[in-house]
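Read in order, the letters of the sequence shown correspond to residues -27 to -1, 1 to 200 in mature numbering (1 follows the signal peptide of the UniProt record, and there is no 0). Data block below; observations after.
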Amino acid sequence: MSSVIDATLSRRAVLAGFASLGALALAGCSTTGTQRPVIAEPIRPVVPPDVLAMYAARPEEDYPVPAADISQVDPKFWRQEVENTTGQPAGRVVVDTGNYVLYFTMPEGRAMRYGVGLGRAGFEWSGEGHIAYKRKWPVWTPPSEMIERQPELEMYRHGQPPGLLNALGARALYIHQGNRDTLYRIHGTMDVATIGKAVSSGCVRLLFHDVIDLYERVPSGAPIVVL
């Protein structure tokens, strides 16, 4: 008799165990409760060695430039030589504000293309001008109007010293129209997240490595067209 009772109890224990497992399995499939969704990390592009080399550290600079994490930038904004589709002759800077790119046109129908960041409200000046002059590791002096809007810039009224944290970065090209300073600049940034976006206070910003390259190509007096 006891053996029958034992067998019955054992069978009940097994059935109870299966029931518990089933409940756990159902709980695992449930979308309710405290379970949080898994957010996938964004897929970054594989950066070819030649592109990594273009954006490697520049220790020879007056203020050594660290490598840029170019994997955070859309590949279409990486510096590259392309066909000149701007319709402009060689030797011009062309800013395509709609596509967030800057071209420097070259002979034989070629151009060097760079990704850029633009002003939050777009590039407010368009038309033709020229690069009046250019500077390595420039001093940045904010306009009085900007200081009025951003009083924290008062400390730079007489100029922000050059360096990695300077607002103009490693190089600056100054845009004039006739004899008038437009107050717009082409300059450097270390913030890779701003390339291909409208985030700055109005100027055209390139990665440090790109503005250094552009600086070497563009002579003072070169025409510029902003589309």
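Yeah, the Cβ is synthetic: ideal placement off N, Cα and C, and Gly gets one too.
In the structure shown, P124 falls within a helical segment according to DSSP collapsed to helix, strand and coil. Y28 and F181 have their C-alpha atoms spaced approximately 9 Å apart.
In this chain, the alpha helix (DSSP H) harbouring R190 covers F181 to R190. Residue P37 holds the alpha-carbon nearest to the alpha-carbon of I185 among P37, L200 and Y157. Pairing G92 with V74 gives a Cβ-Cβ distance that is not under 8 Å. Nearest Cα to D23 within the set W51, G71 and S117: W51. Judged by DSSP secondary structure, A105 falls within the beta strand (DSSP E) whose first and last residues are G100 to K109.
Taking M85 as reference, the option from Q61, Y129 and A40 with the minimal CA-CA separation is Q61.
The continuous beta strand (DSSP E) containing V198 extends over residues P196 to V199.
Excluding its 5 nearest sequence neighbours in each direction, G102 has C-beta neighbours in its own chain below 7 Å: I148, H149, Q150, T155 and I197, listed in chain order. In the DSSP assignment, T58 forms no beta bridge with any residue. Taken in chain order, the complete beta strand (DSSP E) segments of 3 residues or longer contained in the stretch 132 to 160 are 144 to 150. Counting other Cβ atoms within 10 Å of its Cβ, Y106 stays below 16 and is therefore classed as exposed.
Per the C-alpha coordinates, the member of I104, T70, D42 and T58 positioned closest to A145 is I104. For R178 and W98, the gap between their C-alpha atoms comes out near 15 Å.
Contact check for T70 and V199: beta-carbon distance about 7 Å, within the 8 Å limit, so the pair qualifies.
Your pair V66 and F77 checks out as a contact, with CB atoms roughly 6 Å apart and the cut at 8 Å. DSSP links D69 through a beta bridge to V74. With fewer than 16 other Cβ atoms from the protein chains shown falling within 10 Å of its own Cβ, V19 counts as exposed.
Secondary structure at Y87: strand, using DSSP grouped into helix, strand and coil. For the 8 Å CB-CB criterion, G169 and D47 form a contact. By the neighbour-count criterion, in which 16 or more other beta carbons inside 10 Å mark a residue as buried, H160 falls on the buried side.
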